[in-house]
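*Asks:* Going line by line, the protein sequences match chains A and B.
Once you know that position 166 of the first sequence is 166 in our numbering, the rest is easy, because the numbers rise by one and skip nothing.
So our numbering is basically just the index in the second sequence, starting at one, shifted up by 1000.
All C-beta atoms in this analysis are idealised placements derived from N, C-alpha and C, irrespective of residue type, glycine included.
Take this structure first; my questions come after.
There are 2 protein chains.
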Amino acid sequence: MASHGVRGRSGGRPTLEEVAARAGVGRGTVSRVINGSPRVSEATRAAVEAAVAELGYVPNTAARALAANRTDAIALVVPEPETRFFTEPYFSDMLRGVGAALSDTEMQLLLIFAGSDRERQRLAQYLAAHRVDGVLLVSVHADDPLPDMLSQLEIPAVISGPRSADETLTSVDSDNYGGARQAVEHLVSRGRRTVAHITGRLDVYGAQRRVDGYRDALREAGHQVDELLIEPGDFSEGGGRRAMEALLERRPDLDAVFAASDVTAAGARQALREAGRRIPDDVALVGYDDSAIARHMEPPLTSVRQPIEEMGRAMTDLLLREVADRRPSATRELERRQMVLATELVERASS
Amino acid sequence: MASHGVRGRSGGRPTLEEVAARAGVGRGTVSRVINGSPRVSEATRAAVEAAVAELGYVPNTAARALAANRTDAIALVVPEPETRFFTEPYFSDMLRGVGAALSDTEMQLLLIFAGSDRERQRLAQYLAAHRVDGVLLVSVHADDPLPDMLSQLEIPAVISGPRSADETLTSVDSDNYGGARQAVEHLVSRGRRTVAHITGRLDVYGAQRRVDGYRDALREAGHQVDELLIEPGDFSEGGGRRAMEALLERRPDLDAVFAASDVTAAGARQALREAGRRIPDDVALVGYDDSAIARHMEPPLTSVRQPIEEMGRAMTDLLLREVADRRPSATRELERRQMVLATELVERASS
DNA sequence: ATCACTTGTGGGAGCGCTCCCACAGTACCT
DNA sequence: AGGTACTGTGGGAGCGCTCCCACAAGTGAT
Chain A
1 MASHGVRGRS
11 GGRPTLEEVA
21 ARAGVGRGTV
31 SRVINGSPRV
41 SEATRAAVEA
51 AVAELGYVPN
61 TAARALAANR
71 TDAIALVVPE
81 PETRFFTEPY
91 FSDMLRGVGA
101 ALSDTEMQLL
111 LIFAGSDRER
121 QRLAQYLAAH
131 RVDGVLLVSV
141 HADDPLPDML
151 SQLEIPAVIS
161 GPRSADETLT
171 SVDSDNYGGA
181 RQAVEHLVSR
191 GRRTVAHITG
201 RLDVYGAQRR
211 VDGYRDALRE
221 AGHQVDELLI
231 EPGDFSEGGG
241 RRAMEALLER
251 RPDLDAVFAA
261 SDVTAAGARQ
271 ALREAGRRIP
281 DDVALVGYDD
291 SAIARHMEPP
301 LTSVRQPIEE
311 MGRAMTDLLL
321 REVADRRPSA
331 TRELERRQMV
341 LATELVERAS
351 S
Chain B
1001 MASHGVRGRS
1011 GGRPTLEEVA
1021 ARAGVGRGTV
1031 SRVINGSPRV
1041 SEATRAAVEA
1051 AVAELGYVPN
1061 TAARALAANR
1071 TDAIALVVPE
1081 PETRFFTEPY
1091 FSDMLRGVGA
1101 ALSDTEMQLL
1111 LIFAGSDRER
1121 QRLAQYLAAH
1131 RVDGVLLVSV
1141 HADDPLPDML
1151 SQLEIPAVIS
1161 GPRSADETLT
1171 SVDSDNYGGA
1181 RQAVEHLVSR
1191 GRRTVAHITG
1201 RLDVYGAQRR
1211 VDGYRDALRE
1221 AGHQVDELLI
1231 EPGDFSEGGG
1241 RRAMEALLER
1251 RPDLDAVFAA
1261 SDVTAAGARQ
1271 ALREAGRRIP
1281 DDVALVGYDD
1291 SAIARHMEPP
1301 LTSVRQPIEE
1311 MGRAMTDLLL
1321 REVADRRPSA
1331 TRELERRQMV
1341 LATELVERAS
1351 S
């Protein structure tokens, strides 16, 4: 009959019930001790903890998940092919931050790639099955259906880089506006008079904010904004190069360029070289991201650093709070949460 | 009372019971359909599938895990700090293979780093809680307690690179012996007469096998093995350099070197350069791993390629089979499984 | 007709927890 | 003295499945 409950069977793990018997208390009390409830007397707690140690008790996650309707796991969803994940330091920095925030938690992190259609299909199933308590969403494109799916399923989610000024999801972002201002103010303070801007893809909210920052910084410095000095790019190297060529043609007198990404700056650099302009003597150049490219460029590129690791940490903290709020312990705080982290200008030889 | 069971409640997911009611069958029958049991009539199956589709039923993983004592998840455990994981293409190749093998499965992959002591602690807890059905173990050091822990917990595991000739765990490895033979045979066929070998760390089983391959290949080519031509290295660049210096001193007449890794070869190359030997004119050089280093070396390095992605796939297939064997469906096959995959010599200018 | 299988099906029991109600005990007011 | 509150505790109910036994119905041999 009870061949399953026999103690000492290899692989037979002790249950709450057994711990309770051993400690001479009830099942509920053991559960309270395990979950750190304060409503347990010191003596009882000690007895239970001893029993737990003696038996080598480890809670059964599945049972807990079933009874409490939670999984104690969150997912980091990367809507990109794996390749990009490994090549771009952005993700590993992010992951480090997430890991740090999770390290003194019971929460488990799942890494989910959703680059291909097939993977997205799987992800949808996965989320529908509520196999995670919450989702961290990085690098989401404007038209991605994922965020809405998450809202629909009522799964707590935090997004890095809001999709618009009125993002409904809790979001964490670096201060694109402020970062752009830092870059431009730096150029102006170095005596540059004619500062151009190569933008990112303007359907990305962060790119728009950088344009805003560029405009305001110039205005406040007493310069007037010349629309001929703003040229759209697309975050790519080719885009940066073409934009630079266009700018040089329209305003050959420019003496500084703020590019919306380091890759864009690399493209701009090529165009400048070909036009015979020296960096920084003739034209100062500032990028964004402070990536490896910036450090290895010739000359090394001044760039705006985003605190990616901290962003990962902040996203995780917010998500954990949101997950906790859904637990049957009430006290919802549910304010709309948008966090913005400061950037830092890393000055190098290009400006 | 039953405020929980009410249909249409936001977030209220349909249960097996509800699907059964809808399809006009019993709970057991729905379960059979969901799990693809063959003992269901075609008509019933269709009815159940329709009900599943209408209700948007998704099985509750936690309930299934509790009842069936399985998790439908496996872990890829990387006993290294995250940094190495991202910088070395070995891991991303491996991950690709694992992902491919898993892609038409219900199994979920968990990526677990166990570089720091803290992370290892967490991992131990994790495994003790049986939160995965099986474990993929890559790049394990000889004295790692992890494999034994897994055996103790009776968790199916597959290891990449057996720890010895009589590895108890199921293992997948590339053919270190054969790869070494390929390298040496290649050098001999190119007319080299005095082929040296810089070994890897000899406490690594694979490194020993490479030495064996080196010896046998020379013997079979009619050369006799001169122990003075074998110098221990440690897979590192510095080790390769020192070994090369030692070899040059002992046998200045050598005209070829087979290094146990590309990194080792890079070290050897430095020593050769400094001794004024030209590659490949004076000394031919062959490495192992076919890493990025090999491609970018000056001159490009001939190297032995291991089918890492395939190894990942094979490991996963074996693990899945092993996991399936433990399910209450009997027919254990439990033979000892050691799989060895062929290597390939990639010829470049260094030989 | 009887027996012996096989096939398909229903539903009870049980997996190991959490939640929550009930209640004993103690403390502090009126 | 009686009330009211809070603290600590035990244990029933139930989470949504899987497993398996029981059994009805069909099939074919005896």
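Contact defined as beta carbons within less than 8 Å: I believe Ala259 of chain A pairs with Ile198 of chain A. What is the distance between those atoms, to the nearest angstrom?
*Replies:* Along the first sequence, one-based indexing puts residue 259 of chain A at 259. Along the first sequence, one-based indexing puts residue 198 of chain A at 198. That belief holds up - the Cβ atoms of Ala259 of chain A and Ile198 of chain A are roughly 5 Å apart, short of 8 Å.
*Asks:* Based on Cα-Cα distance, which residue from A:Ala73, A:Phe113, A:Ser103 lies nearest to Arg91 of chain A?
*Replies:* Counting from 1 along the first sequence, the entry for residue 91 of chain A is found at position 91. Strictly speaking, residue 91 of chain A in this sequence is Phe, with Arg absent from that position. Considering only alpha carbons, the answer is A:Phe113.
*Asks:* Measuring alpha carbon to alpha carbon, tell me which of A:Arg131, A:Leu76, A:Ala265 ends up nearest Ala294 of chain A.
*Replies:* As a position in the first sequence, residue 294 of chain A is number 294, starting the count at 1. It is A:Ala265 whose Cα lies nearest to the Cα of Ala294 of chain A.
*Asks:* Anyone know if the C-beta pair for Leu319 of chain A and Val158 of chain A falls short of 8 Å?
*Replies:* Position 319 of the first sequence, counted from the start, is the residue given in the question as residue 319 of chain A. Position 158 of the first sequence, counted from the start, is the residue given in the question as residue 158 of chain A. Result yes, Cβ atoms of Leu319 of chain A and Val158 of chain A sit closer than 8 Å.
*Asks:* Looking at Ile1308 of chain B and the ligand MN, is the gap between the Cβ and the nearest heavy atom below 7 Å?
*Replies:* Absent from the structure shown: the ligand MN. Ligands present: none.
*Asks:* Look up Ile112 of chain A in the DSSP assignment and say whether it is helix, strand or coil.
*Replies:* Residue numbering aside, residue 112 of chain A sits at position 112 when the first sequence is read from its first letter. Ile112 of chain A falls in the strand class under three-state DSSP.
*Asks:* Indicate whether at least one CB of chain B lies closer than 8 Å to the CB of Thr375 of chain A.
*Replies:* This structure leaves residue 375 of chain A out entirely; chain A is present only between 1 and 351.
*Asks:* Does the beta-carbon of His186 of chain A have 16 or more other beta-carbons within 10 angstroms, so that it is buried, or is it exposed?
*Replies:* Locating residue 186 of chain A in the first sequence gives position 186, counting from the first residue. Buried, since its Cβ has 16 or more Cβ neighbours within 10 Å.
*Asks:* Roughly how many whole angstroms lie between the Cα atoms of Arg337 of chain A and Thr168 of chain A?
*Replies:* As a first step, residue 337 of chain A is located in the first sequence; it is residue number 337 there, counting from the start. As a first step, residue 168 of chain A is located in the first sequence; it is residue number 168 there, counting from the start. Roughly 9 Å between the two C-alpha positions.
*Asks:* For Arg84 of chain A, would you say it is in contact with chain B, using Cβ-to-Cβ distances shorter than 8 Å as the test?
*Replies:* The residue given as residue 84 of chain A occupies position 84 in the first sequence. By this cut-off, Arg84 of chain A is not an interface position.
*Asks:* Can you confirm whether Arg1131 of chain B, when its beta carbon is compared against all beta carbons of chain A, has any partner nearer than 8 Å?
*Replies:* Residue mapping note: residue 1131 of chain B aligns to position 131 of the second sequence, counting from 1. By this cut-off, Arg1131 of chain B is an interface position.
*Asks:* So what does DSSP say about Ser31 of chain A, is it helix, strand or coil?
*Replies:* As a working note, residue 31 of chain A is residue 31 in the first sequence. Correct three-state label for Ser31 of chain A: helix.
*Asks:* Does the beta-carbon of Val19 of chain A have 16 or more other beta-carbons within 10 angstroms, so that it is buried, or is it exposed?
*Replies:* Against the first sequence, residue 19 of chain A aligns to sequence position 19. Flag for Val19 of chain A reads buried.
*Asks:* What runs of the alpha helix (DSSP H), each 4 residues or longer, lie entirely inside the segment 72-143 of chain A?
*Replies:* Correct list: 82-87, 89-102, 117-128.
*Asks:* Going by DSSP in three states, Leu187 of chain A sits in which element: helix, strand or coil?
*Replies:* Against the first sequence, residue 187 of chain A aligns to sequence position 187. Of the three classes helix, strand and coil, the one that applies to Leu187 of chain A here is helix, per DSSP.
*Asks:* Here's the rule: buried if 16 or more other CB atoms are within 10 angstroms of the residue's CB, otherwise exposed. What is Ala2 of chain A?
*Replies:* Taking the first residue of the first sequence as position 1, residue 2 of chain A is located at position 2. Note that Ala2 of chain A scores a pLDDT of 30, beneath 50, so its modelled location is shaky; the value from the coordinates is reported in the next line. That one is exposed.
*Asks:* I'd like to know whether the C-beta atoms of Ala73 of chain A and Gln121 of chain A end up nearer to each other than 8 Å.
*Replies:* For the purposes of this step, residue 73 of chain A is taken as residue 73 along the first sequence, with counting starting at 1. For the purposes of this step, residue 121 of chain A is taken as residue 121 along the first sequence, with counting starting at 1. No, they are not a contact pair.
*Asks:* So which residues of chain B does Leu95 of chain A contact, with C-beta pairs closer than 9 Å?
*Replies:* Here residue 95 of chain A refers to the residue found at position 95 when the first sequence is read from its first residue. Those within 9 Å of Leu95 of chain A in chain B are Glu1082, Phe1086.
*Asks:* In angstroms with no decimal places, state the Cα-to-Cα distance between Ala1128 of chain B and Glu237 of chain A.
*Replies:* Counted from its first residue, the second sequence places residue 1128 of chain B at position 128. Counted from its first residue, the first sequence places residue 237 of chain A at position 237. Cα to Cα, Ala1128 of chain B sits roughly 49 Å from Glu237 of chain A.
*Asks:* Is Val30 of chain A close to chain B, meaning its C-beta is less than 8 Å from at least one C-beta of that chain?
*Replies:* Mapped onto the first sequence, residue 30 of chain A falls at position 30. No, its Cβ sits nowhere closer than 8 Å to a Cβ of chain B.
*Asks:* Can the beta-carbon of Val1257 of chain B be found closer than 8 Å to that of Leu1285 of chain B?
*Replies:* As a working note, residue 1257 of chain B is residue 257 in the second sequence. As a working note, residue 1285 of chain B is residue 285 in the second sequence. Against a cut-off of 8 Å, the Cβ pair of Leu1285 of chain B and Val1257 of chain B comes out as a contact.
*Asks:* Which term fits Gln1152 of chain B, buried or exposed, when burial requires 16 or more other beta carbons within 10 angstroms of its beta carbon?
*Replies:* As a working mapping, residue 1152 of chain B is identified with position 152 in the second sequence. With fewer than 16 other Cβ atoms within 10 Å, it is exposed.
*Asks:* Does Val140 of chain A get closer than 8 Å to chain B when you measure Cβ to Cβ?
*Replies:* The sequence position of residue 140 of chain A within the first sequence is 140, counting from 1. No, its Cβ sits nowhere closer than 8 Å to a Cβ of chain B.
*Asks:* Indicate whether at least one CB of chain B lies closer than 8 Å to the CB of Val58 of chain A.
*Replies:* Residue mapping note: residue 58 of chain A aligns to position 58 of the first sequence, counting from 1. It does; some Cβ of chain B falls within 8 Å.
*Asks:* For the alpha helix (DSSP H) holding Arg210 of chain A, just list the boundary residues, first then last.
*Replies:* One-based indexing of the first sequence puts residue 210 of chain A at position 210. Segment 205-220, the alpha helix (DSSP H) holding Arg210 of chain A.
*Asks:* Taking 8 Å as the threshold (C-beta atoms), are Arg1326 of chain B and Pro1059 of chain B in contact?
*Replies:* Your numbering for residue 1059 of chain B matches position 59 in the second sequence. Your numbering for residue 1326 of chain B matches position 326 in the second sequence. Not a contact, by the Cβ cut-off of 8 Å.
*Asks:* For the segment 1046-1059 of chain B against the segment 1022-1037 of chain B, are there 3 or more C-beta pairs whose distance is under 8 Å?
*Replies:* Yes, they touch.
*Asks:* Compute the Euclidean distance between the alpha carbons of Thr1015 of chain B and Glu82 of chain A, then round it to the nearest angstrom.
*Replies:* Start at 1 with the first residue of the second sequence, and residue 1015 of chain B comes out as number 15. Start at 1 with the first residue of the first sequence, and residue 82 of chain A comes out as number 82. Going by the C-alpha atoms only, they are around 35 Å apart.
*Asks:* How is the beta strand (DSSP E) around Val1257 of chain B delimited, first residue to last?
*Replies:* On the second sequence, residue 1257 of chain B is found 257 positions in, with the first residue counted as 1. Run containing Val1257 of chain B: 1256-1259, per the beta strand (DSSP E) assignment.
*Asks:* In the DSSP assignment, what are the bridge partners of Leu285 of chain A?
*Replies:* Counted from its first residue, the first sequence places residue 285 of chain A at position 285. In the DSSP output, where bridge partners are listed per residue, Leu285 of chain A has A:Val257.
*Asks:* With 8 Å set as the bound, which would you pick, yes or no: does the beta-carbon of Ser1291 of chain B sit closer than that to a beta-carbon of chain A?
*Replies:* Indexing the second sequence from 1 puts residue 1291 of chain B at position 291. So, not an interface residue.
*Asks:* So, with DSSP's three-state summary, where would you put His1223 of chain B?
*Replies:* The count along the second sequence starts at 1 and reaches residue 1223 of chain B at position 223. Coil, per DSSP.
*Asks:* Which residue marks the beginning of the beta strand (DSSP E) containing Val1346 of chain B, and which one marks its end?
*Replies:* Along the second sequence, one-based indexing puts residue 1346 of chain B at 346. Here the beta strand (DSSP E) through Val1346 of chain B covers 1344-1346.
*Asks:* Give the residues of chain A in contact with Ala1128 of chain B, contact being defined as C-beta atoms less than 9 Å apart.
*Replies:* Taking the second sequence and counting its residues from 1, one reaches residue 1128 of chain B at position 128. Result: Arg13, Gly56, Val58.
*Asks:* For the segment 208-216 of chain A against the segment 178-192 of chain A, do three or more pairs of beta-carbon atoms, one drawn from each stretch, fall closer than 8 Å, so that the two count as touching?
*Replies:* Yes, the segment 208-216 of chain A touches the segment 178-192 of chain A.
*Asks:* Could you tell me the boundaries of the beta strand (DSSP E) in which Thr302 of chain A lies?
*Replies:* Along the first sequence, one-based indexing puts residue 302 of chain A at 302. Element bounds for Thr302 of chain A: 302-305.
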